[in-house]
Every structure is written in structure tokens, then in C-alpha cells.
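In my numbering, the protein residues as written are 15 to 640.
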Amino acid sequence: MERLEQPLVQPQPGLRWLHLCGEPGIGKTRLLEEVDLRARERGWLVCWTGPAPNRALMPYGMVRALTTSLLGCRQEDLGRYADAGYLDDPVARAGVRELVQPRGLRGLDRAPTAAVARALAVLTRVAVAASGARGLVWLADDIHHCDAPSLHVASWLRSVVERESVVLVSASSGSTPPEAEEVPVPAFNLEEAQAFLASGADGSLPGASDENARNRIPASRGRQRLLPLYLEQIEALGAVDETLPPRLSDAVIARVERLAVDARRLLQTLAVVGDRCPRAWLDEDLYQGMPSAALAALQRAGFVRQEGDEVAFQNPFVRDVVEASIPAQVRRELHERVLSLVIDRGLPVEVRVEHAVRAGDPMRALLMLEQVGDAARRAGDAAGAVNAYRRAVELARRELLESAEPAFEGAIVSFSRKLGDALAEMGDAVGADGVLREALDLTGPLSTERVAVLAALAAVASRRERQRDALRMLGRALELAATLGEPAAELGVQAVLSDVRRREGDLVGAANALARTVELAEAARVAPWQTARWLVDLGETLLELGDGGEARRRLEDALRLLGDDPAGDALAARALSVLGAAAEIEGAHDAAVTLYREALARALRAGDVDGARNYQKAAEAFGRAS
15 MERLEQPLVQ PQPGLRWLHL CGEPGIGKTR LLEEVDLRAR ERGWLVCWTG PAPNRALMPY
75 GMVRALTTSL LGCRQEDLGR YADAGYLDDP VARAGVRELV QPRGLRGLDR APTAAVARAL
135 AVLTRVAVAA SGARGLVWLA DDIHHCDAPS LHVASWLRSV VERESVVLVS ASSGSTPPEA
195 EEVPVPAFNL EEAQAFLASG ADGSLPGASD ENARNRIPAS RGRQRLLPLY LEQIEALGAV
255 DETLPPRLSD AVIARVERLA VDARRLLQTL AVVGDRCPRA WLDEDLYQGM PSAALAALQR
315 AGFVRQEGDE VAFQNPFVRD VVEASIPAQV RRELHERVLS LVIDRGLPVE VRVEHAVRAG
375 DPMRALLMLE QVGDAARRAG DAAGAVNAYR RAVELARREL LESAEPAFEG AIVSFSRKLG
435 DALAEMGDAV GADGVLREAL DLTGPLSTER VAVLAALAAV ASRRERQRDA LRMLGRALEL
495 AATLGEPAAE LGVQAVLSDV RRREGDLVGA ANALARTVEL AEAARVAPWQ TARWLVDLGE
555 TLLELGDGGE ARRRLEDALR LLGDDPAGDA LAARALSVLG AAAEIEGAHD AAVTLYREAL
615 ARALRAGDVD GARNYQKAAE AFGRAS
């Protein structure tokens, strides 16, 4: 506790990230609560975040929750902070827009996490100044259940927070993030546990006022504030040595079994909803005529607490155990009811899919998992996409074994191909190769699915520096596409072929493949931004080959397709920078500077920090030269 308190006593400008690690139920959440109390007493602004109530992996979910808490606004009102009147920094405005609607840097396959971090730093400065606080204490519980983009933003914060003092204290049962200082939470040995229980010590450490303790934790649990969860359950059971449950989960289940029927039913309903449940959902939708005595009994027993308009579990581990202990059929029916509710309430698909998977409706669950995975890939969240596609593959496999329905075999192929692409984007080429080879065995000898899987395997082989294998697979894929007479199938193969040719240094072959890709894309009427991306690749390749005139024509075509749509700003900035390089080669330094500055402006508007840095350097260099 002294180590956690040290940055509160001696604040320093910048970010300090401390990470509590230990087994489930060891007391990490209790320590975060104690940090909360001590930080508030010392004049810090404190904000809590954690996983979504049902562990839905929404891109930037944790950062979005922190931002709305800082500003005291609803999520739907967050967009107004992207207006110029609130934020003068264009990168910060782009970061806020990304929080409102995650869509990534279209055409660059990257997430603008640096822009989101910039936005968070600026809004933190505003909130700390408005509150007169010493700084911000960000408490993040169970980050192993949180989305990857939020953790990347936390990593970026160290480089963008300068004047304010920000202390991030996170906790998880998994590994420690590389940017954080690890604070291990050791378990009690038997003698310490027996002494703790026998003494009746209240667990209140110096510095926490009674008033704050009452505000944060119910009075019935005040003396157990720092008690590890297992010891808390044992004390609540009143067990003696010879009847001690051997595991924490056994102790929780033993306590649940002691509850009255109404209280147990209510606890199970809450567990299916998630870590937190709006009280209105219980009163109006899920539990009409809910007996208030049941909720009061759960609060007295320390299972749940009232937080404003919500009912929350005291510990997420308890919620997991309660949900797992519900009979399978009852659990499916409860998830079906909650799914109907969240659909009616218009909650995001990431929330809906968690209930759809457990409700026993595989087709609907697969459709939702595909939506979640595709949205994550568009936002540049490869980890989120991998999670969604992998769950879809596992679900389709299970349903195929149980029903032998051929439709699930096709679903396995489709999701395996997407999973392989997402794994490759994460850098796991070996894992991607294994997934795709398994999918290849399930494809028909003459099918568009086989063409697509072969192209994906070729892309992975190229990443592994196996260019000969990649070209062999692409040759087979092109033969199949020609036999099938499917231009759309050939389109994907040519796009991969261009990458393979470029990797092996064959710029002429890459340009030919890209030209064919653009020709097929125009015939297939793919999304304009996708065609524009291939046009920019083609223009850059032609410029390297010395054909500046044709390169300029292709790049201008790409810019016409993109127009002034903010969604295409990052790709448009790249096209303008290549045009600037063409002008530079021709000796038109003034034109090059103008183009680089235009690229800089659009990159800033997009939130592409890395691109903006490069374009600014180029503009400054050639500005001096001219």
C-alpha cells in the first residue's frame, strides 16, 4: 500500500502507471478501493474504469468510459467536444471523433491510438483544471478483460501527458503491461489468514476517513475493506477448519446455496446481465414485481451494492461463479431474455453478441460475431477481430459436430479465412498459416472460397519470407479463378500478388498486378476508398519505376475518389505526399512544399500522428531548400 500511495503524496508531472497483479480474489479490487479513498482525501480527481458489464470488447470502451466520467457527460454528447470551439488541437479533435465512432485510419490498416491519447490528455487537463484537483487518479480494474485499443492508448499517454499529474493504477490476473510498474499482491499464508480472521481486525489502514469509507463501501462491509475475497467468504460462512471449502469458487457457491429462493433467482438474473445492471431493467423488464426484500438480502450478504441507478456485484469473480453455477437451460433462457432487452434498448452489437452466443441461437450469434470482427478490423483493432473470429470458428465447429449441418462447414471456412488475415495483421504468421491450412481442407476443389483461402495463405507465406511458396499458391489461385470465371475472386489474388512482387523487389510485376487489381475493382464496383488505396499503391510503384506522369494521373484519380470525406483523410494525405515526392523529383520544390503541407493538414484532421510527423519534416526540409 505504501508503494501505491507514494505517487499520491509526491505527485510528479506526467504519467505514473502501477499495476496490481495476483490471483483472482486475492484483494486487488480492495486495494483499488483504498487508493480511491486516500486519493480523494488528498485532493485528487478519481475515475474508475473496467470491462463492459458483460465483458463486451468495444474498441476504446475503457477510454470512452474514462472520458465521459471526466467530463460528466453522456456518451452521445461526447461528439460536441470535437468541435473547434472546445479543442484547438486538430489531432485531439480526431481522437474524440474516433472515440465516438471508431473507424481507424481507413486505407492504412492502423488505429489512431496516438490521436485518442492526445484527446484524453487534453480533456484530462481541462477536467483537472476545472475541478482544482492535484491531478487524476485513473483506477482500471480487470484490464485483462478490457479492449486492446484502450490499453494501447494508456501506453501512449506517457508521451503526451506533460504538465498534469496522472496516476494510473490497474489490476488484473494476467500479465503486467510492459509500460507499467508491477506491484505483486501476495497471498496470505495459513498462519496469517487464521490470525486475520481470529483478530477481527477491521482492515482500515491509516488515512481513510470514516465518511469516505461509508460513501464507498456499505457499512456492513466496512471492516472487511482490505480482506481477500476467500477470507471474506469463509468469514461469512462461519466455517470451522474441518469444513473449510477448498477453493474460492466452492466458498462462493456455498454462500449462494444458503440464500432464499427469491434472492438466489435475482442474483442469477443479475449475473447474466453482467457486473452491473440498471435498476430499471429489473423493475420494468427482467423481474416484474421484484421483491425488494430479495435485493436487500443480497446487499446485506455483500453480494451486490447499489451504485446510483445501478445494482453492481461487489466482486466480478463472484459474478462469474454465480453465472457458471446456473443450470444450463435456465442460463440460456435468461440470456435470451436479456438479448431481447438489449436489442430493444439499442445497445451496441458488441454487447448483444455476448448474450447471443450464450442464448443457444448459433446462426444469429455467428452473424453478430462477424459484425463485431469486421468492425474491429475497420477500427484497426486486430486483437478484437481475432477474438470475434476465433469465437465464431469455435462456435461453428461445435454446431457442425452436433447438427452436421453443411452451412456450418461454410461458416468455418469463411471465419477461418478472416481469422487468418487478422492473425497475420497481429504478426502471428505461424498461427495464421495453421488456421488457413485447416480451412483449405474444407473448401471444394472448384470454389471461390478455395481461391480466397489460397490467396490468404500466399500473403502469410510472403510475410514469412517464403516467396516461392507464395507465388506457387497464387498461381493455383489464378488458375482456379480463371476456370470459375469470377472476376471478384481474381481481384483478391491480384491484390496479394502485388504485395508479393513488391516484397521480392519486382516493381514491374507489382505495378502490373496493381493495374489489373484497379481494373477489376472498377468493374466489380468495390468501395471507392478501397479502389483509391490500390491507386495510391500503383502511383507510388510507378513513381519508383520512373514513370512520373502515369503515377500522377493515378494519384489524382485516387484523390477524386476520396473527395473531401474526412473518413478518407489518412489515405488522401498519403496520396498527396506521393504527389509531393513526384514534384520534388521534377525539381518543382514550391509545388512539393504545397503538397506536403496539404498532406500534413489532412493527416492532422485524420489523427494520423506518424504520417503527420513525416509530412511536416518533408515540408520543412523542402521549404528551406526552396
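Heads up, the beta-carbon is just placed ideally off N, CA and C, and yes, glycines get one too.
Residues near Val-197 by beta carbon distance below 8 Å, same chain, minus five either side: Taking the first residue of the sequence shown as 1, we reach residue 197 at position 183. For Val-197, where only same-chain residues beyond five positions count, the Cβ hits under 8 Å are Arg-17, Leu-18, Leu-32, His-33, Leu-34 and Cys-35.
Inside the region 381 to 427 only - alpha helix (DSSP H) runs reaching at least 4 residues: 396 to 417
Own chain, CB closer than 7 Å to Pro-104, minus 5 neighbours either side, in chain order: Taking the sequence shown and counting its residues from 1, one reaches residue 104 at position 90. Counting only Cβ-Cβ distances below 7 Å, and skipping sequence neighbours, we find Leu-618 and Arg-619.
Inside the region 503 to 572 only - alpha helix (DSSP H) runs reaching at least 4 residues: The qualifying runs are 521 to 538 and 542 to 558.
Buried/exposed call for Ala-215, threshold 16 Cβ in 10 Å: Locating residue 215 in the sequence shown gives position 201, counting from the first residue. With a pLDDT of 42 at Ala-215, under the threshold of 50, the modelled position of this residue cannot be trusted; read the value that follows with caution. With fewer than 16 Cβ atoms within 10 Å of its Cβ, Ala-215 is classed as exposed.
Environment of Gln-343 [buried if 16+ CB atoms lie within 10 Å]: Taking the first residue of the sequence shown as position 1, residue 343 is located at position 329. Counting Cβ neighbours within 10 Å, Gln-343 comes out exposed, since fewer than 16 surround it.
Euclidean distance between Cα positions of Ala-233 and Ala-250: The residue you call residue 233 lines up with position 219 of the sequence shown. The residue you call residue 250 lines up with position 236 of the sequence shown. Caution applies to Ala-233, whose pLDDT of 31 falls short of 50 and renders its modelled position unreliable; the model cannot decide the point.
Simplified DSSP assignment, three categories, for Phe-429: Numbered from 1 along the sequence shown, position 415 holds the residue referred to as residue 429. Helix, per DSSP.
Cα-Cα separation between Pro-25 and Ile-426, rounded to whole angstroms: The residue given as residue 25 occupies position 11 in the sequence shown. The residue given as residue 426 occupies position 412 in the sequence shown. Going from the Cα of Pro-25 to the Cα of Ile-426 covers about 53 Å.
Spatial neighbours of Asn-229 in its chain, beta-carbon cut-off 6 Å, leaving aside the 5 residues before and after: The count along the sequence shown starts at 1 and reaches residue 229 at position 215. Low confidence applies to Asn-229: its pLDDT is 32, below 50, so where it sits in the model is not reliable, and the reading given next is rough at best. Around Asn-229: no qualifying Cβ.
CA nearest to the CA of Leu-171, picked from Arg-378, Lys-42, Arg-30 and Leu-113: On the sequence shown, residue 171 is found 157 positions in, with the first residue counted as 1. For the residues Arg-378, Lys-42, Arg-30 and Leu-113, the minimum Cα distance to Leu-171 belongs to Arg-30.
Range covered by the beta strand (DSSP E) that runs through Pro-292: As a first step, residue 292 is located in the sequence shown; it is residue number 278 there, counting from the start. According to the DSSP assignment, Pro-292 belongs to the beta strand (DSSP E) that extends over 290 to 292.
Ala-470 - DSSP class collapsed to helix/strand/coil: In the sequence shown, residue 470 corresponds to position 456, counting from 1. Here Ala-470 sits in helix by DSSP.
Close Cβ partners of Asp-289 (< 6 Å) along its chain, the five nearest in sequence each way excluded: To locate residue 289, count along the sequence shown from 1; it is residue 275. Within the same chain, Asp-289 has close Cβ partners Pro-67, Phe-327, Pro-330 and Arg-333.
Where the alpha helix (DSSP H) containing Thr-63 begins and where it ends: Here residue 63 refers to the residue found at position 49 when the sequence shown is read from its first residue. Counting along the chain, Thr-63 falls outside any alpha helix (DSSP H), though it belongs to the beta strand (DSSP E) covering 59 to 63.
Cβ contact (3+ pairs, closer than 8 Å) linking the region 497 to 510 and the region 534 to 545: yes
Reduced DSSP secondary structure (H/G/I, E/B, other) of Phe-331: On the sequence shown, residue 331 is found 317 positions in, with the first residue counted as 1. Correct three-state label for Phe-331: helix.
Inter-residue Cα distance where the pair is Ala-635 and Val-130: Numbered from 1 along the sequence shown, position 621 holds the residue referred to as residue 635. Numbered from 1 along the sequence shown, position 116 holds the residue referred to as residue 130. Between Ala-635 and Val-130, the C-alpha separation is close to 28 Å.
Cutoff 6 Å; reference Gly-6; Cβ partners in own chain excluding five residues on either side: Outside the displayed range of the chain (15 to 640) lies residue 6, so it cannot be described from this structure.
contact_flag[the region 403 to 413, the region 381 to 392] where n(CB pairs < 8 Å) is 3 or more: They touch, by the three-pair rule.
Closest residue to Ile-599 among Asp-520, Glu-554, Asp-513 and Val-60 (Cα-Cα distance): The residue you call residue 599 lines up with position 585 of the sequence shown. Closest option to Ile-599, Cα to Cα, is Glu-554.
Whole-angstrom distance between Gly-424 and Thr-457, CA atom to CA atom: Sequence index remark: in the sequence shown, residue 457 carries index 443 (1-based). Sequence index remark: in the sequence shown, residue 424 carries index 410 (1-based). Looking at the two C-alpha atoms, the distance is approximately 8 Å.
Below-8 Å beta-carbon distance, Met-15 vs any chain C residue: Among the chains of the structure shown, chain C does not appear; only one protein chain is present.
Delimiting residues of the alpha helix (DSSP H) encompassing Leu-34: On the sequence shown, position 20 is the one that residue 34 refers to. Run containing Leu-34: none in the alpha helix (DSSP H); it sits in the beta strand (DSSP E), 28 to 35.
Minimum C-alpha distance to Leu-485 - residue among Ser-461, Ala-527 and Leu-454: Indexing the sequence shown from 1 puts residue 485 at position 471. For Leu-485, the nearest C-alpha among the options comes from Ala-527.
Element boundaries [alpha helix (DSSP H), containing Glu-195]: Position 181 of the sequence shown, counted from the start, is the residue given in the question as residue 195. Not the alpha helix (DSSP H): Glu-195 falls in the beta strand (DSSP E), residues 195 to 198.
Through-space distance from Thr-43 to Ala-108, alpha-carbon basis: As a first step, residue 108 is located in the sequence shown; it is residue number 94 there, counting from the start. As a first step, residue 43 is located in the sequence shown; it is residue number 29 there, counting from the start. Straight across, the Cα-Cα distance linking Ala-108 with Thr-43 is about 34 Å.
Beta-ladder partner(s) of Gln-320, from DSSP: Taking the first residue of the sequence shown as 1, we reach residue 320 at position 306. Partner(s): Val-325.
Euclidean distance between Cα positions of Asp-435 and Asp-583: For the purposes of this step, residue 435 is taken as the residue at position 421 of the sequence shown. For the purposes of this step, residue 583 is taken as the residue at position 569 of the sequence shown. Straight-line Cα distance between these residues: approximately 25 Å.
Cβ-Cβ distance between Leu-182 and Ala-168 below 8 Å: The residue you call residue 182 lines up with position 168 of the sequence shown. The residue you call residue 168 lines up with position 154 of the sequence shown. Yes, Cβ-Cβ distance for Leu-182 and Ala-168 is below 8 Å.
Complete alpha helix (DSSP H) runs within the region 116 to 154 (minimum length 4 residues, chain order): 127 to 145
Start-to-end residues for the alpha helix (DSSP H) that takes in Ala-265: For the purposes of this step, residue 265 is taken as residue 251 along the sequence shown, with counting starting at 1. Here the alpha helix (DSSP H) through Ala-265 covers 262 to 271.
Burial state of Ala-639, where buried means 16 or more other Cβ atoms lie within 10 Å: Here residue 639 is taken as the residue at index 625 of the sequence shown, counted from 1. Annotation note: pLDDT 49 at Ala-639 (below 50); position unreliable, no value reported.
Segment contact, 8 Å Cβ cut-off, at least three pairs: the region 594 to 614 with the region 89 to 96: no
Beta-ladder partner(s) of Ser-184, from DSSP: The residue you call residue 184 lines up with position 170 of the sequence shown. Answer by DSSP bridge pairing, in chain order: His-33 and Ala-154.
Glu-518 beta carbon less than 8 Å from that of Gln-481: Position 467 of the sequence shown holds residue 481. Position 504 of the sequence shown holds residue 518. A contact, by the Cβ cut-off of 8 Å.
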